[in-house]
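Participant: The numbering of the sequence shown is the UniProt record's numbering, which starts it at 1 and goes up by one. The beta-carbon is built from N, C-alpha and C at its ideal position, and this holds for glycine as well.
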Amino acid sequence: MPPEGELRYRSPPPTDSTTTIDDEEGWVWAQIKAEARRDAESEPALASYLYSTILSHSSLERSLSFHLGNKLCSSTLLSTLLYDLFLNTFTSDPGLRVAAVADLRAARARDPACVSFSHCLLNYKGFLACQAHRVAHKLWNQSRRQLALALHSRISDVFAVDIHPAAKIGKGILFDHATGVVIGETAVIGNNVSILHHVTLGGTGKACGDRHPKIGDGVLIGAGATILGNVKIGEGAKIGAGSVVLIDVPPRTTAVGNPARLVGGKEKPAKHEECPGESMDHTSFISDWSDYII
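#1: In the DSSP assignment, find the unbroken beta strand (DSSP E) run with L201 in it and report its ends.
#2: For the beta strand (DSSP E) that L228 lies in, which residues bound it at each end?
#3: So, using beta-carbon positions, are I163 and A107 closer together than 8 angstroms?
#4: With the cut-off set at 8 angstroms, would you say K238 and T226 are in Cβ contact?
#5: Taking the continuous alpha helix (DSSP H) assigned at A136, which residues delimit it?
#6: Any chance you could list the alpha helix (DSSP H) runs of at least 4 consecutive residues sitting entirely within the segment 65-119, in chain order?
#7: When you compare the segment 90-105 with the segment 55-62, are there three or more beta-carbon pairs, one atom per stretch, that lie closer than 8 angstroms?
#8: What is the DSSP secondary structure of L246, reduced to helix, strand or coil?
#9: Apart from the five residues on each side of it in sequence, which residues of its chain come closer than 7 angstroms, Cβ to Cβ, to S48?
#10: Under a three-way DSSP split, which group does V193 fall into?
#11: Compare the Cα-Cα distances from C275 to each of P269, R110, R134 and report the closest residue.
#12: Is the beta carbon of A167 less than 8 angstroms from the beta carbon of L72?
#13: Span of the alpha helix (DSSP H) holding V158?
#14: For A178, which of helix, strand or coil comes out of DSSP?
#15: Could you give the distance in angstroms between the alpha-carbon of Q142 and the alpha-carbon of P165?
#16: From which residue to which residue does the beta strand (DSSP E) around A260 run?
#17: Whose C-alpha, out of L149, L220, H212, T53, is nearest the C-alpha of R228?
#18: Tell me whether S59 counts as near the ligand SAM, meaning its Cβ is closer than 7 angstroms to at least one heavy atom of that ligand.
#19: Could you pull out every residue in the same chain whose Cβ sits closer than 7 angstroms to the Cβ of residue 295, ignoring the five residues on either side in sequence?
#20: So, under 8 angstroms CB-CB, H197 and V181 are touching, yes? Tell me the CB distance rounded to an integer number of Å.
#21: Mind checking G5: buried by the 16 CB within 10 Å criterion, or exposed?
#22: Can the beta-carbon of S118 be found closer than 8 angstroms to that of D39?
#23: Assign V231 to one of three DSSP states: helix, strand, or coil.
#24: Give every residue of the same chain whose Cβ lies closer than 6 angstroms to the Cβ of S116, excluding the five residues on either side of it in the sequence, and list them in chain order.
#25: Does DSSP classify V188 as helix, strand or coil?
#26: Taking the alpha-carbon positions, what's the I155 to K138 distance?
Here is the structure:
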């Protein structure tokens, strides 16, 4: 079910094998349009903006393409060119639309500051940077690398999020706040991962080849964490804020500190059952980790 307080014009589609792309996308898009109508009525100063970005469009991909084109354009990289680029890419690849819907749902479910789907679509630079990156990644794989790099540069300039267009990112991603996130060329991020601001997934120096972290499904990476090198962060692991990770982290464990250490110790680390990338639980390990008292 949608989060409490969400507009409920009809029930969401079931999330099982019978759910189609059109069902899921159509439900979220209808939610967004209902929210935009409500907001336009309650705040007339935003009515024109909401009409041009959401209400005048017939689909999520058209609205998102229009919004990204206006956000990322410059005096020499025109919004009309970017709109066509984004729309053609989103329209031709259903997987990108599935990922965008999953990312919208992730923000709505995991971030208590996200008041609506439309709020995420319009204002969450982490969401917008991720969708623009997906297009840049598609261009990179099509050997249109100069255009991919130009788009990457604009994403970094506008959103303060630096993701190399070759980096691979799954769906259900939350870049919470997103400022200062840096993700290197050979990094891989799984599904249902949550990453806070000022996180670096980088290399260790001048090494070539496969040199960036691999982040498993359901991982939570706290603010300011740095993960360097071709290391693997196991499925459902948790990386504490400010940690520096240089070696593999086993699945379902928590690593904290500089240099990072496993809660419970290397030989028998404590394991958790929940998926931290979805629960967003940053602090439950502290009682087992230290005698920190105020």
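Facilitator: Taking the definition as stated:
#1: Where L201 is concerned, the enclosing beta strand (DSSP E) stretches over 200-202.
#2: Per DSSP, the continuous beta strand (DSSP E) segment holding L228 begins and ends at 226-228.
#3: For I163 and A107, no; Cβs fall outside 8 angstroms.
#4: When the beta-carbon positions are compared, K238 and T226 stay at least 8 angstroms from each other.
#5: Where A136 is concerned, the enclosing alpha helix (DSSP H) starts and stops at 125-141.
#6: Runs of the alpha helix (DSSP H) lying entirely within the segment 65-119, each at least 4 residues long, are 79-92, 94-110 in chain order.
#7: Contact between the segment 90-105 and the segment 55-62 is present, because at least three Cβ pairs lie under 8 angstroms.
#8: Annotated three-state conformation of L246 is coil, per DSSP.
#9: Excluding the 5 residues flanking it on each side, S48 has no same chain C-beta neighbour closer than 7 angstroms.
#10: If DSSP states are grouped into helix, strand and coil, V193 belongs with coil.
#11: For the set P269, R110, R134, the Cα lying nearest the Cα of C275 is the one of R110.
#12: No, these two residues do not count as a Cβ contact at 8 angstroms.
#13: In the DSSP assignment, V158 falls within the unbroken alpha helix (DSSP H) covering 145-159.
#14: If DSSP states are grouped into helix, strand and coil, A178 belongs with coil.
#15: Approximately 11 angstroms between the Cα atoms of the pair.
#16: Note, A260: premise wrong, no beta strand (DSSP E); not H, not E.
#17: With the sequence shown as reference, residue 228 is identified as Leu, and Arg is not the correct amino acid for it. By alpha-carbon distance to L228, the top candidate from L149, L220, H212, T53 is H212.
#18: You won't find the ligand SAM in this model; it holds no ligand whatsoever.
#19: There is no way to answer for residue 295, as the model of the chain reaches only from 1 to 294.
#20: The C-beta distance from H197 to V181 rounds to 7 angstroms, short enough to fall under 8 angstroms.
#21: For G5, the pLDDT reaches just 44, beneath the cut-off of 50, and the residue's location in the model is therefore unreliable, although a value from the coordinates is still provided. It is exposed - the Cβ of G5 has fewer than 16 other Cβ atoms within 10 Å.
#22: Against a cut-off of 8 angstroms, the Cβ pair of D39 and S118 comes out as a contact.
#23: In the structure shown, V231 sits in coil (DSSP, three-state: anything other than H, G, I, E or B).
#24: E35, listed in sequence order.
#25: DSSP places V188 in strand when its eight states are reduced to three.
#26: Between I155 and K138, the C-alpha separation is close to 15 angstroms.
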